[in-house]
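Participant: Dropping the structure in here first, questions after.
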Amino acid sequence: MAGPVAGPAGGLGPLRERLRAAAEEFAGPDDALPEILSGMVEDVDRALAEELEIFPVCHHSPASALAMARRLAEKRPRVIYLELPEDLAPLLEELRNCRLPVALQAFATELDGFPADWAPLSVVAPLTEASAEYQAIAYALDTPDVELVLVDRSADHVLQWREREDAPDADPAADGEGRESEEAAGLHGDAFGVGVGRLRPGFAELEAHLLHHGKVRHWSEWWDQYVEQPLAGADYRTYRQAMVMIGSLFRRLRPERGARLAVDEDRERYMWTRIREHLASSGTDPATALHVCGAFHAASRVEQFGLASEAEPFPIPERTGTAWRYGLIPSSHSAIEAQFGLAPGAVSLAAATWSRTLTAERLTPFRLAGQRTGRKKPKAAKRAAAPPAGGAGEAGGDRLTPFLDRPPVPGALDEDELRGWCVDLVRLARRNGYLASTADAIAVFETSVLLAGLRGRARPTPYDFEDAAVTCIEKDTVPGKRDVRRLCGMLLGGDRIGTVGYDALPPLARDVLDRLEPLGLNLTARTQQRALLDLANRPELRPCSDLLWMLRRLLGDVVRPVMGDRALGGRAIQESWDLALGREQRALVQLGYEGVTVEQVLEQRLRRAVREPDATAATALKAVEEALLYLGPGRLVDDLGSRAVALLAAERTVDQAPLVLRRIRRLLAYYRTTEAGPPHWAETFVTTGYAHYCTLLPTAFTDEEVGARQVAAMLGFLFGLEGFALALGCDRAQLELAVRQCHPVEPDRTALLWAAEHRLDLLPLPALRERCAELLANPLVVRAFPRYVSGFVQALEPVPSLAPFVVEQLSGAFGRLPDAVLLPWLPRLIMTLRREAAELLPVLVREAGRTFPGALPALDALVPPWEAPPATAPARATPVAGPAGGLLAAHPAACEAWTAVLDLPVEWARAAPSAGPAGALVAAHPATAEALAGVLAG
Amino acid sequence: MTDNLLRAPAEVKYAEELDWLESVDDGPKPFSWRLSPKMVRLFILGSERADGLDREISQKWFGDRAFVERSVVTLASDRGLLLIGDPGTGKSWLAELLSAAICRNSTLVVQGTAGTTEDQIKYSWNVAQVIAQGQSREAMIPSPIMTAMENGVIGRFEELTRSTSDVQDALISILSEKYVSIPELDGADGENTVFAKPGFSLIATANSRDRGVNDLSSALKRRFNFVRVPVVTNKRSEAEIVRFRTAELLRRHRIEVEVPPTLLDILLQSFADLRASAANAASDDERLESALSTAEQIGVLEDAVLHSQFFGEKELGAHTLASSLVGSLARRTPEDLAILNKFWHGVVEPRSEGEQGGPWRDFLDGGREAIATLS
């Protein structure tokens, strides 16, 4: 086994002197430049001389991954210290079941110690195959007796220190250029990203300078050209020296007092403190350990740096009381690019470079046993990673000078590969609607080479190729959905989206997948799946339907019903669903943090909803309804119902009276259809509500902040549920008294009160009509009449029988109100009705339809019912025929005695003579009739 | 020579710079190019210290380096170059600079119009000579494009999409076969064909606002590489362009005026605001007819300077700038005037309030007066 590679510090002395001399010549001895340049060399010396071998990395860098694979194969370390949040360690084993890229996630919804408006908190650490950290993880987990120790601050500390850091360095340029797909880029949600070895210039001017002089457009491109490619084939010593030097350069060229630097230094103290703790407790020989950290941290100058340091351990702050939950969520190349401000396609390109290098060098990287891979295995992977010729030998000090002396050697893009790209791109472009031909492939090839030459590169880079392709193939319009730049991205690797395997999912997610198995769909697929449930013929699918409705409630559009509905008391016999569980795996995983089954999560959420400080009776009733709908009747419903009763009794406002009324009505209607009838809580709710609203009614009528809608809903509750309430022991006198106590001032409330009085038989309809007629006749109050009418319309809720009267009053208003009053009122009436009383309108329209004729001609002849003359008095009753009538007529004495007792006039009805011509004839010539009577009598 | 010309072409104006660049250029040159591609880029985008040159080369076109590189490379390849973009984005200027740098001749231009005929692209005849001597090469009048072919230099076609489709399609054979046949002549001496010499290529420009008028055929499209030149929205670059071009234009009038930075700021800010409002407009009626390009800004500034020079106090003021801006942008009555009125009262007025509002106050008054005069 090889020991630490750190060479003697003296090896870099000549380079330091050379740099110092050059700096002094250009900038003068008093300038900061000589110090910066010679300081860089010192940093390299210091990092390499450290007893614990430091492996500097850059995130998503194939060169780092390659060097790591080689170094691990050569050194076989026993302990690896990795710069990742230490509390994510238990998740690493689960990576076996995933297809990368995935992200390790720490998630918290119940915060303790953080501002409540930060919730939910999410910290993600994405991992790709082409990364050094993955190589280290795969090696450590699959090699017996190797320990992997995560040493960076925990997710909790990431958030604790968040305020001290500057804003995250999201790159606006990265957003501007057609991102692969918004959907894939949003896979991490609004999480905080943590990654191993984030390396970027400390301030914008430096980056702009580097890009300008590197003749590149994006930082990723610069890095690829000047660091990544030259280091790809470098030996370990060169790699380490160069990486530490770049880390040191960026460290030294950054704002002196940047808040970010302070946080970075604290992280370094944290890491070194953890490392020392572990070494002391496990007795590990530092020579057998490897510390993998970002190049930036390798050039650290904090006092705790190094095992030889005698500084006090860093006092690690306590974590807050926030309960963190951990899991794996799918990630994607574009999500990583968006999270870390990389150029679109940079991670895909790194992945492509990685697999190309593996094939070219016939290497087998470390890979977790059992892991699914996103690509085909490289056929040529025959031998384990081995150091390149001249590898990490112990001898030789300064590898930096040759590295700095020579210009970057162009990457290994050969002509065949470029030709292949050109041909494939043209094929892809044709499929996407471009009129591209072989001539274009040739032009792209030629232009790529010319562009590379113009930009001072011996061979075209993928970025040159992309520019050439845009120049030659893109015309004035984009024919399809994707433009050429995006097609290039697809060609050079494309976005890859990871999946979390079944075994790595939380129990809830696994349970969901198991229970939906009868549907026979591939629920892990990233495409939307259509599920058809014929519940009438396949009743065994009913549990699936139940589960889907619960998921619909919890996850929103992740599962979407296309056909079918679920309401209290109703069940569809056929349902059809669009399921996106594979694509929205993150939502399912995050749901899994809340419980073990969907039912449990739903129950928790419902219980939490009614215990919230701002919970109201209306929300509690909603929770009851949902519990009934998704979980069925049971103890939960009773608990929630009891809570609703308590909340109602404690309410001092009636703002939500309309909601309460609507919901309790629906619930009672449902319970009436069940065998058991309304449960105890519902009865209590009605009796409590009856007493509650009776009590609040007088104040509600006068309170300016209570709208007519609310008062109407209160009356609706009182009248609508009166029968039920009285049956349960309430007293109607309470309501009558309450109504008598109401003395509204506002016209609409007054109208409502009149309606209530009418309903209680305290105000007959003619009297009500008379009051309205007086209002219309009085020029002083006519302007307020519309508001009375509005009140009557609202009164349709508690007193639906008033509908004909409301139509009458509306008609009267239209007919008699002056235009100056009517015209401004009409739009307001319509708006108010639409907003507040949409369900009352059909009643009104129906009634109007009954009252008014349907055709125009009939309108002229219309006499509205209220103007029609009172119906003629009913014809005097004809004497009752039959035996009883005969008996009474024959023996009138008994009836006459009774009438005398009752002091009523006595008047016997006589049989009216027959009307008509026959009757007249008989009356004029009675002789015939009398003769006939004599014959008959005779 | 430049003194006698109202507007000298780029190769004349920068002749001395081009000579010098040619003398120090040791890079590989395609065909008969006078400069290597790297030097062409340097000539157009200007030099930096890192280039290690003995003298400074000024920047002449302001925009993304990648556009210039793609354009240069296209000219070195087999295809023509089509610069497409909004009016006033510097397409023609870039085309002129490219031609001047590559072949020292930017004047072989065909201007595309609705009346452009195929003759103007290929060749026509000197009728008197034909009657007198019959058809011959001497009696033929070659078009600028044909001249470019014969000499192996760059030909230019301005506003390609303004000319009709049949005329445009005459370019297809020129760009693919690289020769023009003259069937009227006898083929015995090979006189009936004009072959293009190495170095010939074509730079066309097209206005993206003209899309749909005379669309290019697919056959022609594939013979051109399209480079889209965007409107400059970066305030710093735009200020550079306006300053550079205005100074150049005024030099033509022998006027040396220093534009105060505050006024330049006002101009740029006003255009930025108007562009933002145009971008958010729901219909064409709510949008100014002008494309609000950098060239328009230069026009406004030049107009204001000339006005103050000849009719004012020889010093550019915000008042004059405002009248010039209104005068240039108000093309349709009442739509454009209504938009400007809204802009003046909704944006300029608030800006003119407070301590910072100094020159904006004059600008406000000037604009109001101009709008009132035009209304």
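Top to bottom, those sequences are chains A and B.
Going by my numbering, 844 is the number at position 844 of the first sequence; the sequence numbering is gapless.
Going by my numbering, 985 is the number at position 47 of the second sequence; the sequence numbering is gapless.
Even for Gly, the Cβ is constructed at its ideal location relative to N, Cα and C.
(1) Given that PHE1164 (chain B) touches chain A, what residues does it touch there, using C-beta distances under 7 Å?
(2) Residues of chain B with a CB under 8 Å from the CB of THR944 (chain A): which are they?
(3) For a quick check, are the C-beta atoms of ILE54 (chain A) and ALA47 (chain A) less than 7 Å apart?
(4) Compare the beta carbon distance of LEU1206 (chain B) and VAL1243 (chain B) with 7 Å and say whether it is the shorter of the two.
(5) Could you check what DSSP says for ALA108 (chain A) in three-state terms: helix, strand or coil?
(6) If the criterion is Cβ atoms closer than 7 Å, does the pair LEU523 (chain A) and LEU533 (chain A) meet it?
(7) At what residue ranges does the segment 248 to 290 of chain A contain a whole run of the alpha helix (DSSP H), taking only runs of 4 or more?
(8) Could you please give me the residues that DSSP links to VAL598 (chain A) through a beta bridge?
(9) What in chain A is Cβ-close to SER1015 (chain B), meaning under 7 Å?
(10) Going along the chain, which residues of the segment 991 to 1004 of chain B sit with their C-beta nearer than 9 Å to a C-beta in chain A?
(11) For GLY1023 (chain B), name the three-state secondary structure that DSSP assigns.
(12) Are there any heavy atoms of the ligand COA lying less than 6 Å away from the beta-carbon of ALA280 (chain A), as far as the coordinates show?
(13) What span of residues does the alpha helix (DSSP H) with SER1155 (chain B) cover, start to end?
(14) Is the CB of HIS758 (chain A) under 7 Å away from at least one CB in chain B?
(15) Report the rounded CA-to-CA distance for GLU1097 (chain B) versus LEU1275 (chain B), giving the unit in angstroms.
(16) Return the residue from the list A:LEU753, A:ASP731, A:ASP748 and A:CYS730 that minimises the CA-CA distance to GLN741 (chain A).
(17) Can LEU505 (chain A) and ALA429 (chain A) be called in contact, C-beta distance under 7 Å?
(18) Measure the beta-carbon distance from GLY1001 (chain B) to VAL1170 (chain B) and round it to whole angstroms, keeping in mind my assumption that it falls under 8 Å.
(19) Would you say PRO975 (chain B) and VAL1010 (chain B) are within 7 Å of each other, going by their C-beta atoms?
(20) Checking contacts by CB at 7 Å: is ILE1022 (chain B) closer than that to chain C?
(21) Anything in the segment 208 to 234 of chain A with a Cβ closer than 9 Å to a Cβ of chain B? List those residues in chain order, please.
(22) ALA1219 (chain B) CB to nearest chain A CB: under 7 Å?
(23) Check CYS472 (chain A) in the structure and name its three-state DSSP category.
(24) Counting only beta-carbon separations shorter than 7 Å, does LEU763 (chain A) have a partner in chain B?
(25) Quick check on this structure: which residue in A:PRO286, A:LEU591 and A:LEU84 has the alpha carbon closest to the alpha carbon of THR109 (chain A)?
(26) In three-state terms, what does DSSP make of PRO378 (chain A)?
(27) Let me know the alpha helix (DSSP H) ranges lying completely inside the segment 1177 to 1214 of chain B, each 4 residues or longer, listed in chain order.
(28) Indicate whether at least one CB of chain B lies closer than 7 Å to the CB of LEU121 (chain A).
(29) Which chain A residues sit within Cβ distance under 8 Å of ALA988 (chain B)?
(30) Could you give the residue range of the beta strand (DSSP E) that holds VAL799 (chain A)?
(31) Please state whether the Cβ-Cβ distance between PRO1297 (chain B) and ALA1260 (chain B) is less than 7 Å.
(32) Using DSSP with H/G/I as helix, E/B as strand and the rest coil, what is ASP398 (chain A)?
(33) Assign MET563 (chain A) to buried or exposed, taking buried as 16 or more other Cβ atoms, counted over all protein chains shown, within 10 Å of its Cβ.
(34) Helix or strand or just coil, what does DSSP make of THR1085 (chain B)?
(35) Count the other C-beta atoms from every protein chain shown that fall within 10 angstroms of the C-beta of SER448 (chain A), then say buried if there are 16 or more, exposed otherwise.
(36) Name the residue from B:ILE1083, B:GLU1088, B:SER1103 and B:MET1087 whose alpha carbon lies nearest to the alpha carbon of PHE1095 (chain B).
Facilitator: Based on what the coordinates show:
(1) Taking the first residue of the second sequence as 1, we reach residue 1164 (chain B) at position 226. In chain order: GLU474, LYS475 and ASP476.
(2) Because chain A is modelled from 1 through 938, residue 944 (chain A) falls outside the range shown and cannot be assessed.
(3) Along the first sequence, read from residue 1 onward, the residue named residue 54 (chain A) stands at position 54. Along the first sequence, read from residue 1 onward, the residue named residue 47 (chain A) stands at position 47. Yes, the Cβ-Cβ distance between ILE54 (chain A) and ALA47 (chain A) is below 7 Å.
(4) Numbered from its first residue, the second sequence carries residue 1206 (chain B) at position 268. Numbered from its first residue, the second sequence carries residue 1243 (chain B) at position 305. No, the pair does not count as a contact, with Cβ atoms beyond the cut-off.
(5) What you label residue 108 (chain A) is simply residue 108 of the first sequence in a count that begins at 1. Under the three-state reduction of DSSP, ALA108 (chain A) is assigned to strand.
(6) Taking the first residue of the first sequence as position 1, residue 523 (chain A) is located at position 523. Taking the first residue of the first sequence as position 1, residue 533 (chain A) is located at position 533. Contact check for LEU523 (chain A) against LEU533 (chain A) fails: the beta carbons are separated by 7 Å or more.
(7) Correct list: 259 to 282.
(8) Along the first sequence, read from residue 1 onward, the residue named residue 598 (chain A) stands at position 598. DSSP lists no partner for VAL598 (chain A).
(9) Against the second sequence, residue 1015 (chain B) aligns to sequence position 77. The answer, in chain order, is ALA443, GLU446, THR447 and LEU450.
(10) The segment 991 to 1004 of chain B vs chain A, Cβ under 9 Å: ASP1002, ARG1003 and ALA1004.
(11) Here the question's residue 1023 (chain B) lines up with position 85 in the second sequence. In the three-state scheme derived from DSSP, where H, G and I count as helix and E and B as strand, GLY1023 (chain B) is classed as strand.
(12) The ligand COA is not among the ligands present in this structure, which contains no ligands whatsoever.
(13) Your numbering for residue 1155 (chain B) matches position 217 in the second sequence. Element bounds for SER1155 (chain B): n/a, residue is neither H nor E.
(14) As a working note, residue 758 (chain A) is residue 758 in the first sequence. It does not; no Cβ of chain B falls within 7 Å.
(15) One-based indexing of the second sequence puts residue 1097 (chain B) at position 159. One-based indexing of the second sequence puts residue 1275 (chain B) at position 337. Going from the Cα of GLU1097 (chain B) to the Cα of LEU1275 (chain B) covers about 29 Å.
(16) The residue labelled residue 741 (chain A) in the question sits at position 741 within the first sequence. The shortest C-alpha separation from GLN741 (chain A) is found at A:LEU753.
(17) Locating residue 505 (chain A) in the first sequence gives position 505, where the first residue counts as 1. Locating residue 429 (chain A) in the first sequence gives position 429, where the first residue counts as 1. Not a contact, by the Cβ cut-off of 7 Å.
(18) Along the second sequence, one-based indexing puts residue 1001 (chain B) at 63. Along the second sequence, one-based indexing puts residue 1170 (chain B) at 232. Correct: roughly 7 Å between the Cβ atoms.
(19) As a first step, residue 975 (chain B) is located in the second sequence; it is residue number 37 there, counting from the start. As a first step, residue 1010 (chain B) is located in the second sequence; it is residue number 72 there, counting from the start. At the C-beta level, PRO975 (chain B) and VAL1010 (chain B) come within 7 Å of one another.
(20) In the displayed structure, chain C is absent; the protein chains listed are A and B.
(21) Cβ contacts with chain B come from HIS212, HIS213, LYS215 and ARG217.
(22) Mapped onto the second sequence, residue 1219 (chain B) falls at position 281. No Cβ of chain A is located within less than 7 Å of the beta carbon of ALA1219 (chain B).
(23) Here residue 472 (chain A) corresponds to residue number 472 of the first sequence, with the count starting at 1. In the displayed model, CYS472 (chain A) falls within a helix according to three-state DSSP.
(24) For the purposes of this step, residue 763 (chain A) is taken as residue 763 along the first sequence, with counting starting at 1. Residue contact check for LEU763 (chain A) against chain B: no CB pair falls below 7 Å.
(25) The residue you call residue 109 (chain A) lines up with position 109 of the first sequence. Looking only at A:PRO286, A:LEU591 and A:LEU84, the smallest Cα-Cα distance to THR109 (chain A) is reached by A:LEU591.
(26) Taking the first residue of the first sequence as position 1, residue 378 (chain A) is located at position 378. Bear in mind that a pLDDT of 42 at PRO378 (chain A), under 50, signals an unreliable position, so the number given afterwards is only what the model happens to contain. It is coil, neither helix nor strand.
(27) For the segment 1177 to 1214 of chain B, not a single whole alpha helix (DSSP H) run of length 4 or above is found.
(28) Against the first sequence, residue 121 (chain A) aligns to sequence position 121. Residue-level contact by beta carbon fails for LEU121 (chain A) and chain B, as no gap is shorter than 7 Å.
(29) On the second sequence, residue 988 (chain B) is found 50 positions in, with the first residue counted as 1. Per Cβ cutoff of 8 Å: HIS213.
(30) Your numbering for residue 799 (chain A) matches position 799 in the first sequence. Annotation: VAL799 (chain A) is outside any beta strand (DSSP E) and is labelled neither H nor E by DSSP.
(31) Residue 1297 (chain B) sits at position 359 when you count from the first residue of the second sequence. Residue 1260 (chain B) sits at position 322 when you count from the first residue of the second sequence. At least 7 Å separates the beta-carbon of PRO1297 (chain B) from that of ALA1260 (chain B).
(32) Taking the first residue of the first sequence as position 1, residue 398 (chain A) is located at position 398. In the structure shown, ASP398 (chain A) adopts coil according to DSSP, grouped into three states.
(33) Taking the first residue of the first sequence as 1, we reach residue 563 (chain A) at position 563. With fewer than 16 other Cβ atoms within 10 Å, it is exposed.
(34) Translated into positions along the second sequence, residue 1085 (chain B) becomes position 147. Correct three-state label for THR1085 (chain B): helix.
(35) Start at 1 with the first residue of the first sequence, and residue 448 (chain A) comes out as number 448. Buried, by the Cβ-count rule.
(36) Here residue 1095 (chain B) is taken as the residue at index 157 of the second sequence, counted from 1. Here the closest residue by C-alpha is B:ILE1083.
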